[in-house]
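For what it's worth, the numbering used here labels the leading residue of the sequence shown as 33, then goes sequentially.
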Amino acid sequence: MVGDNETFVSRFILLGFTTRAELQVLCFVLLLAIYVAILIGNLGVILLIRIDPRLHTPMYFFLSHLSFLDICYSSTIIPRSLVGVLVEKGKVISFIGCVTQLFAFATWATTEGYVLAIMAYDRHVAICTPLLYPVVMSRRFSTGMLAGAYLTGVISSTTHTISIFRTPFCSRVIHHFFCDGPPLLALSCSDSRSSQAVVGAVVGFNVLGTTVLILLSYSSVLSAVLRLRSAAGRHKALSTCASHLLSVALYYGSSLSVYLRPLSSHSSEQDKVLSVLYSIAVPLLNPLVYSLRNTDVKDAVRRVRSKI
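What follows is the structure, given as structure tokens:
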């Protein structure tokens, strides 16, 4: 560990999920199994949508990008964490490596929030104005919204990353399993309130904007669903909306708990648990929530199986 008077570090040490040696093997096996499940689930969704022409609609176009983002931001964290569990030297990450990891993770995570909002808007148009759906959700408009989501993710994460790394660090030991914002700000030698304010504003803006759009979209969807005469149709739509909102609540609730709390109230162990929810649990659950509960996807799986 470097001294308290150091203001620049060339590398950091990630302590990982646990420092208890007896739990390292269990941690590695569990993390590897989760990562394999994330890859299989999300790659399966992408390939299925690519293979089946009946899934070539805006809804599944967005879903394929959601799966792509889940793979990207879990791959930004988990492989390095696996190396860190196996090899002591794997816990060391260079300054540039840490910057890159934070930037990449923030980009993918922010973009995912906007893609979730786009998917909610897509359902709003499909259910509330079905006759206008092909016109409103044209290929050009859908691609434009996605491009805007990715661009916003890059701009947001650039601001986020610069705000964190412009502060001098008194230590290189990060009490976390990846280079995340709050654990890095906790290492600051100087008053980091301005950096915290910028990070909080960026995260708050992104979360507030996407949450409002998601809630408005699903409110109108629920209102339309409740007017359906078919009880089975209402049950199916309500079940789908509830599972989608559960995934969104898990994603936003855990990330907000980490990013918008004052540093003085942070606990490294609690932050690790919350970070696992939005960085690992959400990519694992999304294929189940958005795909396997979907009748169209189930039918597509049956068609693919019948051809094998």
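We put the beta carbon where it would ideally sit given N, CA and C, even for glycine.
{"Query": "Can you tell me which of L248, F44 and T143 puts its alpha carbon nearest to the alpha carbon of C160?", "Result": "L248"}
{"Query": "For G185, I'd like the list of residues in its chain whose CB is within less than 6 Å of its CB, leaving aside the five on either flank, ordered along the chain.", "Result": "T139, T142 and T143"}
{"Query": "Going by Cα to Cα distance, which pick from R86, I109 and S99 is closest to I72?", "Result": "S99"}
{"Query": "Tell me the DSSP secondary structure of L46 in three-state form.", "Result": "strand"}
{"Query": "From A158 to Y92, what does the alpha carbon distance come to, in whole angstroms?", "Result": "13 Å"}
{"Query": "What does the Cβ neighbour count give for Q228, buried or exposed, with the cut at 16 atoms within 10 Å?", "Result": "buried"}
{"Query": "Restricting to Cα atoms, I'd like to know which of R82, C130 and N326 is closest to G213.", "Result": "C130"}
{"Query": "Please list the segments of the alpha helix (DSSP H) lying wholly inside the segment 135-194, counting only runs of 4 or more residues, in order along the chain.", "Result": "165-168"}
{"Query": "Going by C-alpha distance, which of K330, N326 and E301 is nearest T50?", "Result": "E301"}
{"Query": "Can you give the Cα-Cα distance for V167 and R335, rounded to whole angstroms?", "Result": "29 Å"}
{"Query": "Sort I81, G48 and F94 by Cα distance to P111 and report the nearest one.", "Result": "G48"}
{"Query": "My assumption, with CB atoms under 8 Å, is that R266 sits in contact with V257. Please give the rounded CB distance.", "Result": "6 Å"}
{"Query": "Is the CB-CB distance between V19 and Q56 below 7 Å?", "Result": "The question about residue 19 has no answer, for the chain in this structure spans 33 to 340."}
{"Query": "Can you give the Cα-Cα distance for I128 and L163, rounded to whole angstroms?", "Result": "51 Å"}
{"Query": "According to DSSP, simplified to helix, strand and coil, what is F201?", "Result": "strand"}
{"Query": "Kindly indicate which three-state DSSP category S222 falls into: helix, strand or coil?", "Result": "coil"}
{"Query": "Between which two residues does the alpha helix (DSSP H) harbouring V124 extend?", "Result": "Careful: V124 lies outside any alpha helix (DSSP H), inside the beta strand (DSSP E) at V124 to S126."}
{"Query": "Kindly identify the DSSP beta-bridge partner or partners of I206.", "Result": "L46"}
{"Query": "For a test of the three-state rule: what should DSSP assign to L316, helix, strand or coil?", "Result": "helix"}
{"Query": "Is D84 helix, strand or coil when you go by DSSP?", "Result": "coil"}
{"Query": "So which of V333, S220 and H208 has the shortest CA-CA distance to F197?", "Result": "S220"}
{"Query": "As a quick exercise: from D328, A281, V329 and L316, pick the residue whose alpha carbon is nearest that of A149.", "Result": "A281"}
{"Query": "Here's the rule: buried if 16 or more other CB atoms are within 10 angstroms of the residue's CB, otherwise exposed. What is G285?", "Result": "exposed"}
{"Query": "In the structure shown, what three-state DSSP assignment does V41 receive?", "Result": "coil"}
{"Query": "When burial is assigned at 16 or more other CB atoms within 10 Å of the CB, is G176 buried or exposed?", "Result": "exposed"}
{"Query": "Evaluate F135 with the Cβ neighbour count: other Cβ atoms within 10 Å of its Cβ, from every protein chain shown; 16 or more gives buried, anything less gives exposed.", "Result": "buried"}
{"Query": "Can you tell me the Cα-Cα spacing of E38 and L178, whole angstroms?", "Result": "Low confidence applies here, because E38 scores a pLDDT of 48, under 50, leaving its location unreliable; read the following figure in that light. Approximately 43 Å between the Cα atoms of the pair."}
{"Query": "Using the Cβ count rule (16 or more neighbours within 10 Å means buried), how would you classify S287?", "Result": "buried"}
{"Query": "If you pair each beta-carbon of the segment 77-91 with each one of the segment 303-316, do three or more pairs fall below 8 Å?", "Result": "no"}
{"Query": "Can you say whether R259 is buried or exposed, counting buried as having 16 or more other CB atoms within 10 angstroms of its CB?", "Result": "exposed"}
{"Query": "Determine the DSSP secondary structure at V119, reduced to helix, strand or coil.", "Result": "coil"}
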